[in-house]
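Asks: Pasting in a structure now, in structure tokens, and then I'll have a few things to ask.
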Amino acid sequence: MDGYNDLGEPVNRFSQFGQNATTYMCTRTSDTGPEVKLMTFSDLSECFGNCVSVHIIDRSDKIQVVLDLGTFQIFEDQIKLETFYRYRNAYFCTSSPSSMPGATQEELITKDFFQWEQNQVEGTIRIDDTQYLNVDRVLDTILSNRTPGWQDQFMKMFILCTMVAHTRIEGFGGVGMLQYIGKTTPFNGLLFGVMEMGVEGLTTLTTRFRYMDHCDIACMVMNGQIINQTDLSGTGEMEGGLSFVIECLQNTWEGYVDYSNIIISETLPNEGNYVLTIGDSTWIMHHDYGNPGMFDLTDVLDPEPDNR
Numbered sequence: 001m002d003g004y005n006d007l008g009e010p011v012n013r014f015s016q017f018g019q020n021a022t023t024y025m026c027t028r029t030s031d032t033g034p035e036v037k038l039m040t041f042s043d044l045s046e047c048f049g050n051c052v053s054v055h056i057i058d059r060s061d062k063i064q065v066v067l068d069l070g071t072f073q074i075f076e077d078q079i080k081l082e083t084f085y086r087y088r089n090a091y092f093c094t095s096s097p098s099s100m101p102g103a104t105q106e107e108l109i110t111k112d113f114f115q116w117e118q119n120q121v122e123g124t125i126r127i128d129d130t131q132y133l134n135v136d137r138v139l140d141t142i143l144s145n146r147t148p149g150w151q152d153q154f155m156k157m158f159i160l161c162t163m164v165a166h167t168r169i170e171g172f173g174g175v176g177m178l179q180y181i182g183k184t185t186p187f188n189g190l191l192f193g194v195m196e197m198g199v200e201g202l203t204t205l206t207t208r209f210r211y212m213d214h215c216d217i218a219c220m221v222m223n224g225q226i227i228n229q230t231d232l233s234g235t236g237e238m239e240g241g242l243s244f245v246i247e248c249l250q251n252t253w254e255g256y257v258d259y260s261n262i263i264i265s266e267t268l269p270n271e272g273n274y275v276l277t278i279g280d281s282t283w284i285m286h287h288d289y290g291n292p293g294m295f296d297l298t299d300v301l302d303p304e305p306d307n308r
């Protein structure tokens, strides 16, 4: 399957990144709130390829997600990042779908050169003054060490994957979702796999998300179906869940996140809980992962490299 099937995005402009893609991550606290930045490259053994950057800012009233899709080119100690498409989405603390356009997409061309350094042994890259750590090492550290609060860290990383997918659904979270009524629309994963979204009804909306080997962030692959049933104010409930496989350098982790106990209010999870299963162990988790004011990942990356 070559190219994307997203609404408004030209097929064959970009191909899926493939199995050799790598995702890097950095976190920091800014004046506007905790930030997460992701950089995914199709294959850093090549000097030219596709890339996607994701920037998420968590504020008390909303989470802003910006995704840039483009290409990279490496010139020894410099890297050129070129952006062709930008996607934006926001999760508001209190919102009504009928009052928001939802996720948007725009075409733009930007070209920026940065100082560049890669350390394959440590699994890091440095772009100007910002150091990024390989996501598979981040996840492997969380799941292997299991320090206090590791379940919270993992759930936020898990929700991070769905945020990236939803940002590329034009109209997601707003009145723009009505354009999908009566149809099933496929969205290619950035790396590989497919997510299908379908909407049924009018005054009461049933939205189905079906993940089939879907991968937007390197090393985490999702399968399963989530169903949202809400009225036009965005109030309702969820059912279903997603299985995941995380393939790290040294370990492979498999599990499942059950959504069946989540209650939605004004488009966001407002009651109930997720059920996280990894291997033979199960944990009851909070309902508000990914909600404004709660999506803080700055504690995931240890600032001391020796302790990663």
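Letter 3 of the sequence shown, counting from 1, is numbered 3 in the numbering used here, and no numbers are missing.
The C-beta atom is built at its ideal place from N, Cα and C for all residues, glycine as well.
So for Arg-168, helix, strand or coil by DSSP?
Replies: By 1-based counting over the sequence shown, the position of residue 168 is 168. Three-state result, Arg-168: coil.
Asks: My assumption, with CB atoms under 8 angstroms, is that Asn-223 sits in contact with Ser-243. Please give the rounded CB distance.
Replies: As a first step, residue 223 must be located in the sequence shown, where it is residue number 223. As a first step, residue 243 must be located in the sequence shown, where it is residue number 243. Confirmed, Cβ separation roughly 5 angstroms.
Asks: Bridge partners of Thr-162, per DSSP?
Replies: Taking the first residue of the sequence shown as 1, we reach residue 162 at position 162. Its beta-bridge partners do not exist; DSSP assigns none.
Asks: Out of Asn-270, Arg-28, Leu-44, state which residue places its alpha-carbon closest to the alpha-carbon of Asn-20.
Replies: Sequence index remark: in the sequence shown, residue 20 carries index 20 (1-based). Comparing Cα-Cα distances from Asn-20 to each of Asn-270, Arg-28, Leu-44, the minimum goes to Leu-44.
Asks: Would you mind sorting Pro-101 into buried or exposed? The rule is 16 or more other CB atoms within 10 Å of its CB.
Replies: Translated into positions along the sequence shown, residue 101 becomes position 101. Exposed is the call here.
Asks: What number of angstroms, rounded off, separates the C-alpha of Gly-49 from the C-alpha of Thr-267?
Replies: Position 49 of the sequence shown holds residue 49. Position 267 of the sequence shown holds residue 267. Between Gly-49 and Thr-267, the C-alpha separation is close to 37 angstroms.
Asks: With DSSP as the reference, identify every bridge partner of Ser-265, one or two as the case may be.
Replies: For the purposes of this step, residue 265 is taken as the residue at position 265 of the sequence shown. Answer is Leu-268, bridged to Ser-265.
Asks: Starting from Cys-51, follow its DSSP beta bridges and name the residues at the other end.
Replies: Locating residue 51 in the sequence shown gives position 51, where the first residue counts as 1. Cys-51 pairs with Phe-41, Gly-70.
Asks: From Tyr-132 to Ser-42, what does the alpha carbon distance come to, in whole angstroms?
Replies: Within the sequence shown, residue 132 is the residue found at index 132, counting from 1. Within the sequence shown, residue 42 is the residue found at index 42, counting from 1. Approximately 16 angstroms between the Cα atoms of the pair.
Asks: Give me whichever residues DSSP pairs with Trp-116 in a beta bridge.
Replies: To locate residue 116, count along the sequence shown from 1; it is residue 116. In DSSP, Trp-116 forms a bridge with Ile-127.
Asks: Run through DSSP, which three-state label would Lys-62 get?
Replies: Along the sequence shown, read from residue 1 onward, the residue named residue 62 stands at position 62. Three-state result, Lys-62: strand.
Asks: Roughly how many angstroms lie between the CA atoms of Ile-159 and Asp-216, to the nearest whole one?
Replies: Mapped onto the sequence shown, residue 159 falls at position 159. Mapped onto the sequence shown, residue 216 falls at position 216. Each residue's alpha carbon lies about 12 angstroms from the other.
Asks: Start and end of the alpha helix (DSSP H) containing Ser-30?
Replies: Within the sequence shown, the letter at position 30 stands for residue 30. Premise fails: Ser-30 lies in the beta strand (DSSP E), 22-30, not in any alpha helix (DSSP H).
Asks: Quick check on Phe-154: does DSSP put it in helix, strand or coil?
Replies: In the sequence shown, counting from the first residue as 1, residue 154 sits at position 154. Here Phe-154 sits in helix by DSSP.
Asks: What span of residues does the alpha helix (DSSP H) with Ile-142 cover, start to end?
Replies: The residue labelled residue 142 in the question sits at position 142 within the sequence shown. It spans 135-145 - the alpha helix (DSSP H) in which Ile-142 sits, taken as one unbroken run.
Asks: So the beta strand (DSSP E) Tyr-311 belongs to, where does it begin and stop?
Replies: Nothing about residue 311 can be reported from this structure: the residues present for the chain run from 1 to 308 only.
Asks: What is the DSSP secondary structure of Leu-205, counted as helix, strand or coil?
Replies: Position 205 of the sequence shown, counted from the start, is the residue given in the question as residue 205. Correct three-state label for Leu-205: strand.
Asks: Please report the distance separating the alpha-carbon of Cys-219 from that of Glu-247.
Replies: Looking up residue 219 in the sequence shown gives position 219. Looking up residue 247 in the sequence shown gives position 247. Taking the straight line joining both Cα atoms gives about 5 angstroms.
Asks: Enumerate in chain order the residues of its own chain whose CB-to-CB distance from Glu-200 is below 6 angstroms, with the five nearest sequence positions on each side excluded.
Replies: On the sequence shown, residue 200 is found 200 positions in, with the first residue counted as 1. Counting only Cβ-Cβ distances below 6 angstroms, and skipping sequence neighbours, we find Thr-206.
Asks: Of all the options Met-238, Ile-278, Gly-234, which has the alpha carbon lying nearest to the alpha carbon of Glu-254?
Replies: Position 254 of the sequence shown, counting from 1, holds the residue named residue 254. The residue with the shortest Cα to Cα distance from Glu-254 is Ile-278.
Asks: With 16 as the cutoff for other CB atoms within 10 Å, does Ile-109 come out buried or exposed?
Replies: Here residue 109 refers to the residue found at position 109 of the sequence shown. Exposed, because fewer than 16 other Cβ atoms sit within 10 Å of the Cβ of Ile-109.
Asks: On the CB-based measure, 16 or more other CB atoms within 10 Å of its CB, does Phe-75 come out buried or exposed?
Replies: Sequence index remark: in the sequence shown, residue 75 carries index 75 (1-based). When all chains shown are included, Phe-75 counts as exposed.
Asks: Alpha carbon to alpha carbon, how far is His-166 from Gln-118?
Replies: Your numbering for residue 166 matches position 166 in the sequence shown. Your numbering for residue 118 matches position 118 in the sequence shown. Computed Cα separation, rounded: 30 angstroms.
Asks: Using the Cα positions of Thr-40 and Gly-236, report the straight-line distance between them to the nearest angstrom.
Replies: Here the question's residue 40 lines up with position 40 in the sequence shown. Here the question's residue 236 lines up with position 236 in the sequence shown. Straight-line Cα distance between these residues: approximately 34 angstroms.
Asks: Check Tyr-259 in the structure and name its three-state DSSP category.
Replies: Taking the sequence shown and counting its residues from 1, one reaches residue 259 at position 259. Of the three classes helix, strand and coil, the one that applies to Tyr-259 here is coil, per DSSP.
Asks: CB-CB under 6 angstroms to Ile-57, same chain, minus the five flanking residues each way: which ones, in chain order?
Replies: Counted from its first residue, the sequence shown places residue 57 at position 57. If we look at Ile-57 and ignore the five residues flanking it on each side, its Cβ neighbours are Thr-32, Gly-33, Glu-35, Gln-64.
Asks: For Tyr-180, which residues in the same chain have their Cβ closer than 6 angstroms to its Cβ, ignoring the five residues on either side in sequence?
Replies: Reading the sequence shown from its first residue, position 180 is the one you call residue 180. Result list for Tyr-180: Val-199, in chain order.
Asks: Which class does Gln-179 belong to by DSSP, given the choice of helix, strand or coil?
Replies: Locating residue 179 in the sequence shown gives position 179, where the first residue counts as 1. Reduced to three states, the DSSP call for Gln-179 is helix.
Asks: In the structure shown, what three-state DSSP assignment does Phe-244 receive?
Replies: Translated into positions along the sequence shown, residue 244 becomes position 244. Reduced to three states, the DSSP call for Phe-244 is strand.
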